[in-house]
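Residue numbers (my numbering), protein chains in the order written: chain A, 168 to 284; chain B, 419 to 1349.
Below, the structure written as structure tokens:
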């Protein structure tokens, strides 16, 4: 199971990193979301993996580590706020600059590049 | 020893006075500036019998940063006393002189305040008994001199000169700091006394050459030694009192002071000899040569100062005690004659309106008294007998003859010394003859200059009298002072020396005669030399300096453009590159990835889930341009993540992830609707390989790290939380108890962040005008039927049930999986569903649509709950709980932490709705139709 989780973390991290390096806002937001998943599972996994041992007193014979869970719980919500913020930023940038590209080039530069091709 | 503090602090405290008394008029300002200096000078003389008479060492110290070896430690020995005398004595004269020099419109308060600040800094440098403290004051002299040079800030020359001086002396100061720290590290103490006593230790250290070079960089920049001499002539844009004070008597002497101060610790090696004496010799000659050709009076004096500083440096570099004595003696003499010459130049400028030698002449007829004073001072500078300059120059010649270390090249030192002496005579003659003798140019005759105000001359008179008196009766006047300061410099018994004027016919005397006669001839036949000089290319130092600074700025800008080209990819790549490198190092270290911690067994469901997540993740990347598909794929990943949490004993996380998933997808769909679909651009091949490298190495590294941790046992502090959850927090769900109780402060911070993010998003989207697309990416027209009836009916039916479930999750959260975060998200999802199904107008007609107060109320409720515990005397956010017996319901537990959780709930609901409703409203506002 540990190997499975590690594999998931690895793939999600890699995909997230690749996506946030793309040139347009939408994949960057997707990448950040993906990276949040990976980070959350990573943090959660720091408490080691256990089945059927929720940290609810009296529900199980022994309990998994509740601390990473508490940390990750708030991280999920904050991650949503962060994704939303980035999305709002992307929309604002689209409204202000008329482009959803994040490669640092202005609309005019894009147009000249287009012509050159 | 508070006297010692008072000597430094009086000018420092006094620096406040002139500026704040400016409104009271010029006389008050000047008096206020002079009084603290006078007081400090009197205190200094009180110390004279002990320090100069008996050779005592006064010390005073207050701890400042003891851990860093820094203390406010001051010392007063002969050397410090001598410099303090120069600083305070000439400072007082300069204040008197400056009062008459400054124009009525010049802000005198600022001038004198800066002057006193500089004075205090300079006193600090010479009396500091701690190396770091010394550097602190050293920097302060650089800064205050920058302000003084740039006093007439409206002049471009003043600004450029000031900037150049600051850049050079500031850079030197940094080098000095580095050198001093190395010395302190070697010796083990920054205490000056200890350092001076550890000369052998320092000189034997392997880093000695580095220390020496760093300290000398500080010295050479400050004392304008070749090749750092070029800033000094351009610092002459300063008002003349500043030039007389900083650039003849004090600041430029700080460098040579440091040579004297560190003499016992650093001198005595061949490296010292080579570096210091050759820099001094080069400066001596270059300065003297350049001085001869200056047409600006102050420029001439500036280069002459450079030359004399070179002479002092050369003497220190010769590594003999006698040369050091001569150097100290020349410091005294140079300060007196050069300060008076600067003041005389200032008087000429003040009365004629020009400092250009070519436009001056015959001033003897208009200001005979000033002419006489300037002539005497210039003779001292030339080294004419019966004046103080002669004595130290004679000592210098004697030492130059005695150079032991250049081997067969020894003869050229006295030769070059004589040559420098000739040049010095020539420019001194030029200074006097071209200004005061000959015939006044017609323009000057029309101007009819006259003698300056009485008291503007007094400082010059005092200094000139000193030049004469020291020249005639040296032993009587400066004998004890020289002995005390030279002894303090050497830190060893004084060598035999004689301050007599007449030593009989000897080689130094012959050199003096040659210099005098040769200098006269040089002046007489100067015209061919001037022609020769004119042919040489003359780089204008400020231009060269500004040009190199500009080039530096251009290079820096190019570097910034390279790193910061406005492209997100570039920033992210720079951030991720170190991460990738660390990950590669981690992978390269090849630890035991699979530890012996007992692993969970794998089942088919787990494999299926993992495979789904992996495939969906990769597919998201590949199909990212088909946005709806990518969105569906990423929500599959999110779903698997929440199932993973569920499987691995984290029901709270699974619930949270699931509800966040819903709002995230809604958010992305809304955004997707607005964002343009056209305009696809391709990354370059190089960019793609860079991104592949980064993502592969980081992904692999993080995955392996996670695997390593998961398969190795570790310590955890969670036992405490599990044990104390019920007795301490009154709840069985440990995760929730941690959130609202043990780590409640964190949670409070977290919901605050949430509230701030919501407010930020609101601000970003406020007044945003986006074009509403009429067609979907495939060119089909969006449906006109915006709110399908089926969805409307179902959503309205679901709302009360969903709210009930949310309440249940909220209330049970303390004991069962649930809590404020999850309940808040569920409520938000239920309400957002109404927006989706029925439209903004429909919802806002029924539900209060102002979510800002809701968010604020939620955060405030959580905070107030925490504060309540303060009222009853417990720390912030301490919780309490009790049990209630409700009829029908039965035993019911009530904890104050639940109120806190309610705050969390309200914040989450408010923030989520604030964000989504604002995004959703964009479409309504723009299309103008709505429901």
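Beta carbons are placed, not taken as given, at the ideal position from N, Cα and C, and that holds for glycine. Quantities reported herein were computed from a predicted structural model and do not represent experimental measurements.
**OP:** Please go through the same chain and pick out, in chain order, the residues whose beta-carbon is closer than 7 Å to the beta-carbon of residue 852 of chain B, but skip the five residues on each side of it.
**Re:** By the criterion of a C-beta distance shorter than 7 Å, residue 852 of chain B is surrounded in its chain by 775, 778 and 779, once the five residues flanking it on both sides are discounted.
Subject >> Proximity winner among B:1105, B:1218, B:896 and B:488, relative to residue 190 of chain A (alpha-carbon distances) >> reply: Taking each of B:1105, B:1218, B:896 and B:488 in turn and checking the Cα distance to residue 190 of chain A, the smallest one comes out for B:1105.
Original post:
Grouping DSSP H, G and I as helix and E and B as strand, with all else coil, what is residue 548 of chain B?
Top reply: Looking at residue 548 of chain B - three-state DSSP - the assignment turns out to be strand.
Original post:
Which runs of the alpha helix (DSSP H), 4 residues or longer, sit entirely within the segment 883 to 913 of chain B?
Top reply: 892 to 908
Original post:
From residue 545 of chain B to residue 830 of chain B, what distance separates their C-alpha atoms?
Top reply: 38 Å
**OP:** Count the other C-beta atoms from every protein chain shown that fall within 10 angstroms of the C-beta of residue 945 of chain B, then say buried if there are 16 or more, exposed otherwise.
**Re:** exposed
**OP:** State the Cα-Cα distance for the pair residue 362 of chain B and residue 547 of chain B, rounded to the nearest angstrom.
**Re:** The question about residue 362 of chain B has no answer, for chain B in this structure spans 419 to 1349.
Original post:
So what does residue 492 of chain B bridge to, in DSSP terms?
Top reply: Partner(s): B:478 and B:546.
**OP:** Measure the Cβ-Cβ separation of residue 746 of chain B and residue 534 of chain B and say whether it is below 8 Å.
**Re:** no
Original post:
Based on Cα-Cα distance, which residue from B:711, B:771 and B:1101 lies nearest to residue 941 of chain B?
Top reply: When only C-alpha atoms are compared, the closest one is B:711.
Original post:
So, is the C-beta of residue 276 of chain A closer than 8 Å to a C-beta in chain B?
Top reply: no
Original post:
Using the beta-carbon count (16 or more within 10 Å), is residue 864 of chain B buried or exposed?
Top reply: exposed
Original post:
Applying a beta-carbon distance threshold of less than 8 Å, which residues of chain A neighbour residue 1014 of chain B?
Top reply: Simply none; closest approach about 12 Å.
**OP:** Find out if the Cβ-Cβ distance for the pair residue 1066 of chain B, residue 995 of chain B is shorter than 8 Å.
**Re:** no
**OP:** With residue 593 of chain B as the anchor, note down where its alpha helix (DSSP H) starts and where it stops.
**Re:** 574 to 605
Original post:
Apart from the five residues just before and just after residue 665 of chain B, which ones in its own chain have a Cβ nearer than 8 Å to its Cβ?
Top reply: 650, 653, 654, 656, 720, 723 and 760
Subject >> Of the residues B:1210, B:838, B:577 and B:562, the one placed nearest residue 568 of chain B, counting alpha carbons only >> reply: B:577
Subject >> For residue 648 of chain B, three-class secondary structure by DSSP >> reply: For residue 648 of chain B, the three-state secondary structure derived from DSSP is coil.
Original post:
Mapping DSSP to helix, strand and coil, what is residue 1041 of chain B?
Top reply: coil
Original post:
Tell me the DSSP bridge mates of residue 237 of chain A?
Top reply: For residue 237 of chain A, which the question treats as bridged, DSSP gives no partner whatsoever.
**OP:** Could you check what DSSP says for residue 1092 of chain B in three-state terms: helix, strand or coil?
**Re:** helix
Original post:
Is there a Cβ from chain A that is less than 8 Å from the Cβ of residue 427 of chain B?
Top reply: no
Original post:
Is there at least one Cβ from chain B nearer than 8 Å to residue 270 of chain A's Cβ?
Top reply: yes
Original post:
Between the segment 218 to 245 of chain A and chain B, which residues of the former have a C-beta closer than 7 Å to a C-beta of the latter?
Top reply: 218, 219, 220, 221, 222, 223, 224, 225, 230, 231, 232, 233, 234, 236, 237, 239, 240, 241, 243, 244 and 245
Original post:
Can you tell which of B:1079, B:847 and B:1049 has the C-alpha that lies nearest to the C-alpha of residue 1060 of chain B?
Top reply: Considering only alpha carbons, the answer is B:1079.
**OP:** Tell me whether residue 260 of chain A counts as near the ligand FAD, meaning its Cβ is closer than 7 Å to at least one heavy atom of that ligand.
**Re:** The ligand FAD is absent from the structure shown, which contains no ligand whatsoever.
Original post:
In chain order, which continuous runs of the beta strand (DSSP E) of length 3 or greater are located wholly inside the segment 696 to 780 of chain B?
Top reply: none
Original post:
Do you know offhand how far residue 856 of chain B's Cα is from residue 796 of chain B's?
Top reply: 17 Å
Original post:
Can you name the residues of chain A whose CB is closer than 7 Å to the CB of residue 1165 of chain B?
Top reply: 241
Original post:
In terms of DSSP beta bridges, what is residue 1299 of chain B paired with?
Top reply: B:1313
Original post:
Who are the neighbours of residue 1048 of chain B on chain A, taking C-beta pairs under 9 Å?
Top reply: Listed along chain A are 193, 194 and 197, each with a C-beta nearer than 9 Å to that of residue 1048 of chain B.
**OP:** With a threshold of 16 other CB atoms inside 10 Å of the CB of residue 794 of chain B, please say whether the residue is buried or exposed.
**Re:** buried
Original post:
How big is the Cα-Cα spacing for residue 662 of chain B and residue 754 of chain B?
Top reply: 10 Å
**OP:** With DSSP as the reference, label residue 983 of chain B as helix, strand or coil.
**Re:** coil
Original post:
From residue 528 of chain B to residue 506 of chain B, what distance separates their C-alpha atoms?
Top reply: 19 Å
**OP:** Could you tell me whether the segment 1157 to 1164 of chain B touches the segment 255 to 273 of chain A, where touching means 3 or more Cβ pairs closer than 8 Å?
**Re:** no
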